[in-house]
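Each remark here refers to the structure printed beneath this line.
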Amino acid sequence: MKLEERCPILQFADLGDKRGKLVVIEGGQVVPFEIKRVFYIYESDPTVVRGQHANRESEFVLINVAGRSKVRITDGIEEIIVELNKPMMGVYIPKMIWKDMYEFSPDSVLLVLASTHYDGREYIRDYNDYLEEMKRSELQTGGIKYYI
Ligand code: TYD
């Protein structure tokens, strides 16, 4: 399956009316996991690059509830860049996908929904280690692929 199919853009229903907008996100429904943790990133400088890791156990949904940012997503072979710029959209990031978040607007509030409680040991923070791990798992399944 292509990377953009594995990391779909999610569109959330708008239950707003003339009083304003209302977006509801339920775990196990539009978000394909039960939500165990929520965190948000704000006041990141436009020059900052965050993320820069892959997770062995956690799945995430990223939503810019205010402002905008970009997410570069790769599995070491394909790469996609998603601009998060609407409170009604998110991107799903499964396990073992590398992500970088950057170009935060001054008003950016990047909300992250996670499938796990925090455990720093499940993070891969070195891109070369990540590629090695991906190549090893590919070898186990008999594939030959070209990593970037
Ligand atoms: P980090 O993973 O570098 O943040 P990001 O992916 O958003 O760039 O996390 C920064 C610090 O915060 C690091 O010391 C770990 C800690 N942290 C937690 O304790 N719990 C969490 O849920 C998260 C995301 C980070």
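Position in the sequence shown counted from 1, then plus 1353, gives you the numbering used here.
Where a beta carbon is used, it is the ideal one built from N, C-alpha and C, also for glycine.
These numbers were taken from a predicted model, which means no experiment stands behind them.
Item                                                                                                                        : Value
Short CB-CB distance (under 8 Å) between P1440 and chain B                                                                  : Absent from the structure is chain B; it holds one protein chain and no more.
R1425 (DSSP reduced to helix, strand or coil)                                                                               : strand
Residue from W1451, V1401 and V1435 with nearest C-alpha to R1409                                                           : W1451
Backbone CA spacing between I1477 and V1418 [nearest angstrom]                                                              : 27 Å
Chain-order list of residues whose beta-carbon lies under 6 Å from that of T1427 (same chain, five-residue window excluded) : W1451
Cβ-Cβ distance between V1383 and L1466 below 8 Å                                                                            : no
Under the three-state DSSP convention, the category L1368 falls into                                                        : coil
Pair within 8 Å by beta-carbon distance, S1468 and E1412                                                                    : yes
Closer than 7 Å: G1473 CB and nearest the ligand TYD heavy atom                                                             : yes
Close beta carbons around L1375, own chain, < 8 Å, minus the five adjacent residues each side                               : D1367, L1368 and G1369
Simplified DSSP state of Y1500, which is helix, strand or coil                                                              : coil
Opening and closing residue of the beta strand (DSSP E) in which L1466 lies                                                 : V1462 to A1467
Close-in-space but distant-in-sequence residues of the same chain around S1397 (CB under 7 Å, 5 per side omitted)           : R1403, F1457 and S1461
Pair within 8 Å by beta-carbon distance, I1501 and E1432                                                                    : yes
Separation of K1389 from H1470, as counted between CA atoms                                                                 : 6 Å
Bridge partners - Y1390, DSSP secondary structure assignment                                                                : Before going on, a small fix: residue 1390 reads as Arg here, not Tyr. Bridge partners of R1390: A1467.
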